[in-house]
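Protein chains in written order, with this note's numbering: chain R, 1193 to 1535; chain F, 398 to 903.
Quick notes on the structure that follows.
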């Protein structure tokens, strides 16, 4: 396949400024999100003396670190043009399976490995439905959201598994600190760094962009789009499985109702961060900033003593505002361009 | 004088930001004439038509309908003034019936809250009468493109229009279907309807239109009677420079050259059967035929994009019958789709990212990781070779004109250094200048040993560009034309089975 491979070894030609990455628009959005988050922080630091404290920041980071791992998978999935509503159930499933095998006498590490593998298997089943039968991922994952939740309840008999006997070495993943920084946050940062790099550089993920941007054109470029979609769906479920295991270590318990509604928060974060439901665009950094924004808002609402009944409404409105703003901005950019490009 | 004008646009100017799309353009449409509007992409045709249709407001200038000043503030207003628009891209609802589509505007205007299907059917039947044989009950999505176009026209006619704008209606039609369309257009003219006809095809303009207006770079170049001018002159005015010969010189030697690609008894069991042909070295081979004859399917089968039931493909004597498209690419046989936006390019992705899509390993420094520098180097080189007019390589393909988008699609194919390129309608919707450039590029590639197969519905293009053409009818090869023997008449006869039917009839 490398017919022209050696012809491209010539001297470096004209290169434009590094700033203009191929995510030009994405970078702008990420910058905007950082500004909004900073502005919120400034306002909040006046409104509440507790906001600008290490304890509060640690709490905020902790609150979205584990979910953040799932956001990474969801972002990849949205870029390929699919969606996964089952992640909340799969996170819980991973916890429950891990807990079940641990209580059955397995060491926690092997139990965790099995839990992640089981989560990946859920992904494989969904991917088969999408690529072989040709169903839409929305419907497939909606079905699996319910199926997997049912499995969680069936395995546990509806009552939480108590895992207090987990060894300290395992609990360290979810509860420990290294130089005062929670291990959970470190894991999260490493996952984000790796996937952000891969998403920009790796050929595998480039194919994800091609497929999501225009599936037909991708096929006509020799890309096996079904394989790409398969990969993305399994990746997302696997990352949800990893998150589940970390939650297990953090809570020392496996609750069969854990993660209800989590998928909506995760999809919201990815969309605020620039992922499009139509596929073809999105970035890890953006999604994490989206997550951070939601988290800062939640924390602010709590510190401002807003009734918890109103918090969801406000979060929903923020999602709507962020997405509308972006849509309007994007359309204006398009309208500004000459329309004479036509016929 | 102005009484006989159905529509007059006076001194229209329109700017988009810094770009002056129209500059003091005037256009007069006489009652009951077919007025051709031509110009390269970006000349301002669409902008002018969008102003007449009320989609855009002009910065300066005025529009007169039947001699009186009209303020066209919206497409709905334009409708009420009797202006109908048949868009290039068919804007119908595929899931509902022909009748409901035709009555859409009327339904929208009605106050009643329940559909009156009897009325809807009646209206559709009236509108379709004389246009063609389309069943008002069938779903639009089940119709062919030419039938859908008839529905579009019928829809415009239900609005009592006196002015009808056609935006490249024949772009997706075969010659045969286009001829039928022109019968309809002429009948409309006989009914006193004035028609603005936008097209890139000189032959049909000169065969059917009364007057012609040329736009270039947002300015009015000339308006002339068709009888008083010729295609060469119009093309020259459109591009503002001498194009020289419209088509590059052919390669006469190729007729005697050896085989590069041999296709034997190819069939998919559904759309094409027993197709055998050879592509010689240095040759551009055309594939002609009506839309739906199986031309595209043959190309897809040949490149592994469609499963084959029978047949082999040999490249330089070696059996390379593909099981999949990636395998075909690896052998050096690539396919460029007729649907540029739908399957040719990734419209929202950057130019450089588009060009590298076929073989990412070529732009990787370490395995599995794309190198931005290499990717840009590749894009720089290929876009230079094809003289792509562009901004930054990081700009989305959507920012380019149609012709340049097609060049990106072509660059993507060339990135793997293919031995054979199969191009499906390579110049559809591309302006005259870019079209000639693409033709030159293809001839140049052929001269340097790349095998070129071109599918085209535009006969002048096939005849002008190709050294030889095979004609497909109902999935089988109906015949071949080469050299001086290659004429529109011969190809149409073979494609539409005219000769045989006549013979049988007598």
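Glycine included, every Cβ here is placed at the ideal spot set by N, Cα and C.
Item: The beta strand (DSSP E) enclosing residue 594 of chain F, as first and last residue numbers; Value: 591 to 595
Item: Reduced DSSP secondary structure (H/G/I, E/B, other) of residue 1328 of chain R; Value: coil
Item: Stretch-stretch touch, CB-based, cutoff 8 Å, three pairs: the segment 1368 to 1375 of chain R with the segment 705 to 720 of chain F; Value: no
Item: Environment of residue 1135 of chain R [buried if 16+ CB atoms lie within 10 Å]; Value: For chain R, the structure presents residues 1193 to 1535; residue 1135 of chain R sits outside this window and is missing.
Item: Boundaries (first-last residue) of the alpha helix (DSSP H) holding residue 886 of chain F; Value: 885 to 893
Item: Neighbour-count burial assignment, residue 1521 of chain R, 16 or more Cβ in a 10 Å radius; Value: exposed
Item: Chain-ordered chain F contacts of residue 1381 of chain R [CB-CB under 9 Å]; Value: Under the 9 Å cutoff, chain F gives no residues; its nearest Cβ is about 21 Å from residue 1381 of chain R.
Item: Residues near residue 466 of chain F in its chain [Cβ-Cβ closer than 7 Å; skip 5 each side]; Value: 459
Item: Chain F contact residues for residue 1163 of chain R, given Cβ-Cβ distances below 7 Å; Value: Because residue 1163 of chain R is not part of the residues shown, which for chain R are 1193 to 1535, the question remains open.
Item: Segment contact, 8 Å Cβ cut-off, at least three pairs: the segment 703 to 711 of chain F with the segment 659 to 672 of chain F; Value: yes
Item: Cross-chain neighbours of residue 1475 of chain R in chain F, by beta carbon under 7 Å; Value: The premise fails here: residue 1475 of chain R is roughly 14 Å from chain F at the closest Cβ pair, so nothing lies under 7 Å.
Item: Any C-beta of chain F under 7 Å from that of residue 1242 of chain R; Value: no
Item: Distance between beta carbons of residue 533 of chain F and residue 521 of chain F, contact taken as under 8 Å; Value: 4 Å
Item: Of the listed residues R:1499, R:1503, R:1487, nearest to residue 1243 of chain R (C-alpha basis); Value: R:1487
Item: Entirely enclosed alpha helix (DSSP H) segments - the segment 688 to 766 of chain F, minimum 4 residues; Value: 692 to 699, 722 to 728, 748 to 752
Item: Residue 606 of chain F in three-state terms, based on DSSP; Value: coil
Item: Alpha carbon of residue 1215 of chain R to alpha carbon of residue 1260 of chain R, nearest angstrom; Value: Model confidence at residue 1215 of chain R stands at a pLDDT of 46, short of 50, so the residue's coordinates are unreliable; what they give is reported in the following sentence. Taking the straight line from one Cα to the other gives about 21 Å.
Item: Beta carbon proximity, residue 1421 of chain R to chain F, threshold 7 Å; Value: no
Item: Host beta strand (DSSP E) of residue 466 of chain F (start-end); Value: 465 to 467
Item: Coil, strand or helix - residue 531 of chain F by DSSP; Value: coil
Item: Residue 404 of chain F - partner residues in DSSP beta bridges; Value: F:426, F:462
Item: Counted within 10 angstroms of its Cβ, other Cβ atoms place residue 1430 of chain R as buried (16 or more) or exposed; Value: buried
Item: Whether residue 537 of chain F touches residue 513 of chain F by CB criterion (7 Å); Value: no
Item: Assigned secondary structure, residue 573 of chain F (DSSP; H/G/I helix, E/B strand, else coil); Value: helix
Item: Chain R contacts made by the segment 710 to 727 of chain F, where a contact means CB separation under 7 Å; Value: 722, 723, 726, 727
Item: Of the listed residues F:412, F:496, F:776, nearest to residue 445 of chain F (C-alpha basis); Value: F:412
Item: Same chain, Cβ closer than 8 Å to residue 418 of chain F, five either side skipped, listed in chain order; Value: 411, 412, 441, 444, 615
Item: Runs of alpha helix (DSSP H) wholly within the segment 627 to 657 of chain F (minimum 4 residues, chain order); Value: 628 to 636
Item: Straight-line gap, residue 1213 of chain R to residue 789 of chain F (C-alpha atoms, nearest Å); Value: Summary for residue 1213 of chain R: the model assigns pLDDT 39, below 50, so the residue's position carries little reliability; its value from the coordinates is reported in the next sentence. Each residue's alpha carbon lies about 11 Å from the other.
Item: Neighbourhood of residue 904 of chain F by C-beta, 6 Å cutoff - its chain only, sequence neighbours within 5 removed; Value: Here chain F comprises residues numbered 398 to 903, so residue 904 of chain F is not present and cannot be evaluated.
Item: Residue 1391 of chain R to residue 1419 of chain R span [Cα, whole Å]; Value: 17 Å
Item: 6 Å Cβ shell around residue 1526 of chain R - same chain, five flanking residues per side excluded; Value: Confidence is the limiting factor: at residue 1526 of chain R the pLDDT is only 49, short of 50, which leaves the residue's position unreliable and the question unanswerable from this model.
Item: Buried or exposed (CB count within 10 angstroms, at least 16 for buried), residue 612 of chain F; Value: buried
Item: Status (buried if at least 16 other CB within 10 Å, exposed otherwise) for residue 1369 of chain R; Value: exposed
Item: Inter-residue Cα distance where the pair is residue 786 of chain F and residue 453 of chain F; Value: 27 Å
Item: For residue 873 of chain F, three-class secondary structure by DSSP; Value: strand
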